[in-house]
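Worksheet for the structure shown next.
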Amino acid sequence: MAGPYDTLPAVPEFAVTSSDAADGAPLSPAQFAAMSGATGAEDRSPQLSWSGFPAATRSFVVTMYDPDAPTPSGFWHWAVADIAADVTSLDAGAGAPGGGGLPDGAFHVANDVRATAYVGAAPPPGTGRHRYYIAVTALDIPSVTALGITPESTPAALGFFIGGHTLARAILVPWAAGE
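Per the working numbering: the sequence shown = residues 28 to 206.
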């Protein structure tokens, strides 16, 4: 099954790892939405670390997207912009409301429930396996605000406007089942 980044222009890849999520493995219970009712669900964003990005990187964007949500547009769970180029990790829980866990200068872009925070997985019953694309994108600009992106923007707008400024991308794809 094709992924959401497959139709975008090809860019170099770099590495992203997590102590909370693994490529091709189930999401940890803490990364589920509290409202899902899943045991251990905390709406806690996963820890992330990245390396091997281009030397010309001036900032990063981190997003989490479910292309398998039962909507025509998928579902954006998390978007963080303006992560400085010298930052190479986010702690677990960095996506908490209020942005206090984010690095200096970084900010949340409103997700699909219009929260400027991380909202965990909540695949509806009967919808099968959902893939959660956690992407770290290296940009050639220090701030997306020059592109008109604010906390009130949407992750789709963020993705559109950074397209011409993307140097490389790292992707991790854990999953969760809607049973």
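Using N, Cα and C, we set each Cβ at its ideal position, and we do this for glycine too.
Check: If I measure Cβ to Cβ from ALA42 and keep anything under 8 Å in the same chain, skipping five residues before and after, which residues do I get?; Outcome: TRP77, SER78, GLY79, ALA197
Check: Let me check one thing: in DSSP terms, what residues is GLU40 bridge-paired to?; Outcome: ARG196
Check: Would you mind sorting SER86 into buried or exposed? The rule is 16 or more other CB atoms within 10 Å of its CB.; Outcome: buried
Check: Do you know how far the Cα of ALA82 is from the Cα of ASP167?; Outcome: 10 Å
Check: Would you call the segment 106 to 114 in contact with the segment 31 to 50, where contact means no fewer than 3 C-beta pairs closer than 8 Å?; Outcome: no
Check: Under the assumption that ALA148 contacts HIS157 (Cβ atoms under 8 Å), give the Cβ distance between them as a whole number of angstroms.; Outcome: 7 Å
Check: Let me know the secondary structure DSSP gives ILE189 once reduced to three states.; Outcome: helix
Check: On a Cα-Cα basis, can you pick out the residue from ARG71, THR90, GLU69 that is closest to ILE189?; Outcome: THR90
Check: Which whole-angstrom value is the C-beta distance of PHE59 and ALA203, which I expect to be below 8 Å?; Outcome: 7 Å
Check: In whole angstroms, give me the CA-to-CA distance for ASP118 and HIS104.; Outcome: 17 Å
Check: So LEU199 and ALA48 are in contact, right, with Cβ under 8 Å, and what is the actual spacing, rounded?; Outcome: 6 Å
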